[in-house]
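Trainee:
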Amino acid sequence: MDVNELFWQAPINDLKKGYIDEKTHFTCLLCGEKVEKGIIYPYEGLLYEAEKMMQQHITVAHQSVFHYLNGLNKKMTGLTEHQSHILRLFYEGKSDQDIKEELEIGSATTIRHHRFALKEKERQAKTLLVMMELLKEQDQKEEPFVPIHKTATMVDDRYNVTHSEEQQLLEKFFPHGIGKELVRFPKREKQKIVVLRAITKLFDAEKQYTEKELNEVIKPMYEDYVHIRRYLIEYGFLDRKADGSAYWVKK
600 MDVNELFWQA PINDLKKGYI DEKTHFTCLL CGEKVEKGII YPYEGLLYEA
650 EKMMQQHITV AHQSVFHYLN GLNKKMTGLT EHQSHILRLF YEGKSDQDIK
700 EELEIGSATT IRHHRFALKE KERQAKTLLV MMELLKEQDQ KEEPFVPIHK
750 TATMVDDRYN VTHSEEQQLL EKFFPHGIGK ELVRFPKREK QKIVVLRAIT
800 KLFDAEKQYT EKELNEVIKP MYEDYVHIRR YLIEYGFLDR KADGSAYWVK
850 K
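Reading the sequence shown from the start, the letters are residues 600 to 850 in the numbering used here.
(1) Rank Leu628, Cys630, Cys627 and His656 by C-alpha distance to the C-alpha of Pro641 and give the top, closest one.
(2) Does DSSP put Glu596 in a helix, in a strand, or in coil?
(3) Quick one: any contact between the segment 656-673 and the segment 613-628, if contact means 3 or more CB pairs under 8 Å?
(4) Whole angstroms is fine: what's the gap from Ser694's alpha carbon to Glu815's?
(5) Checking the sheet assignment: what are the DSSP bridge partners for Asp620?
(6) Are the CB atoms of Val602 and Cys630 nearer to each other than 8 Å?
(7) Give me the Cα-Cα distance between Arg687 and Tyr821, rounded to the nearest whole angstrom.
(8) Could you give the uninterrupted runs of the alpha helix (DSSP H) lying entirely in the segment 696-740, keeping only those of 4 residues or more?
(9) What is the residue span of the beta strand (DSSP E) that Glu805 lies within?
(10) Specify, as a first and last residue, the run of the beta strand (DSSP E) that Lys633 falls within.
(11) Which class does Tyr642 belong to by DSSP, given the choice of helix, strand or coil?
(12) Tell whether a beta-carbon distance below 8 Å holds between Tyr758 and Ile792.
(13) Taking the alpha-carbon of Glu780 as reference, which of Lys789, Asp620, Arg787 and Leu769 has the nearest alpha-carbon?
(14) Provide the residue(s) that pair with Val848 in DSSP beta bridges, ordered along the chain.
(15) Can you give me the C-alpha to C-alpha distance between Val825 and Ala724, rounded to a whole angstrom?
(16) In the structure shown, what three-state DSSP assignment does Tyr647 receive?
(17) Quick check on the burial criterion: 16 or more other C-beta atoms within 10 angstroms. Buried or exposed for Thr626?
(18) Mapping the DSSP letters down to three states, classify Lys693 as helix, strand or coil.
(19) In angstroms with no decimal places, state the Cα-to-Cα distance between Ser844 and Glu805.
(20) At a threshold of 7 Å, does Lys791 count as lining the ligand GTP (C-beta to nearest heavy atom)?
(21) Using only the alpha-carbon positions, how far apart do Glu589 and His775 sit?
(22) Please state the DSSP three-state secondary structure of Ile777.
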């Protein structure tokens, strides 16, 4: 199960921690990093057991679960950029007066209004969450959708694809298997995302690739590898350095 699926299926308590406890290891829900149990890990002159090491990883790699979630695309959080900024300042313990000065907002009353609005969104989110849980219990036959990758640059109906639909599309566009020849690059957005997601899984999520190495993975599938490379970046599957010297799977 990939990290996006783990993330979206994780219970809220595990999401708050940022990792899940699996049989032999702890797995970071934010990036997929694994820490094996039963090993003592040295880090900056200290020794950590596995779970403490995972907590240290969350801090070093992501600052905190809150900061990671707050940095997700607004389609993922339901927050405007302004709300995300204010929420982060609340989390960091800033007073209403501090926030007023930093954001150059007219009065503390405006800050209190934002607090109230965020509380209202919390109540709405809880209500919807309970309703969706009850719906799942009522309709166990509902086919699940393919999880949306957290780094998606735009979230809309193009991500409305079930697992069986995804499999049918992959068999259509990769008749000889993923990594082999792509019969054509689809024009429809939903199909395009299915193909790009499959190609992304061919890359090592822990590795940085040169442009040449990236091209070598794509070329056997599609002659216009530059076209594919551009879409992988554009749709948020891969990221790169500004000068194009390194590419990696975006998490």
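Ideal Cβ placement from N, Cα and C applies to all residues, glycine included.
Note that this is a predicted model, so its numbers are computed, not measured.
Mentor: The answer reads as follows:
(1) Ranked by Cα distance from Pro641, the options Leu628, Cys630, Cys627 and His656 are led by His656.
(2) As shown, the chain starts at 600 and ends at 850. That puts residue 596 outside it, with no answer to give.
(3) Under the three-pair Cβ rule at 8 Å, the segment 656-673 counts as touching the segment 613-628.
(4) When rounded, the separation of the alpha-carbon atoms in Ser694 and Glu815 is 53 Å.
(5) Answer is Phe625.
(6) In this structure, Cys630 lies closer than 8 Å to Val602 by Cβ.
(7) Here the alpha carbons of Tyr821 and Arg687 stand approximately 43 Å from one another.
(8) Entirely contained in the segment 696-740, the alpha helix (DSSP H) runs reaching 4 residues are, in chain order, 707-737.
(9) No beta strand (DSSP E) contains Glu805, which DSSP labels as neither H nor E.
(10) If you look at Lys633, you'll find it in the beta strand (DSSP E) that goes Lys633 to Glu635.
(11) DSSP, reduced to helix, strand and coil, places Tyr642 within a strand of the structure shown.
(12) The answer is yes: Cβ separation under 8 Å.
(13) Of all alpha-carbon atoms in Lys789, Asp620, Arg787 and Leu769, the one lying nearest the alpha-carbon of Glu780 is that of Leu769.
(14) Its beta-bridge partners are Leu837.
(15) Val825 and Ala724 have their C-alpha atoms spaced approximately 41 Å apart.
(16) Strand.
(17) Result: buried.
(18) Three-state result, Lys693: coil.
(19) Cα to Cα, Ser844 sits roughly 16 Å from Glu805.
(20) No copy of the ligand GTP appears in this structure; indeed no ligand is present at all.
(21) Outside the modelled stretch of the chain, which goes from 600 to 850, sits residue 589, for which no answer is possible.
(22) Three-state result, Ile777: strand.
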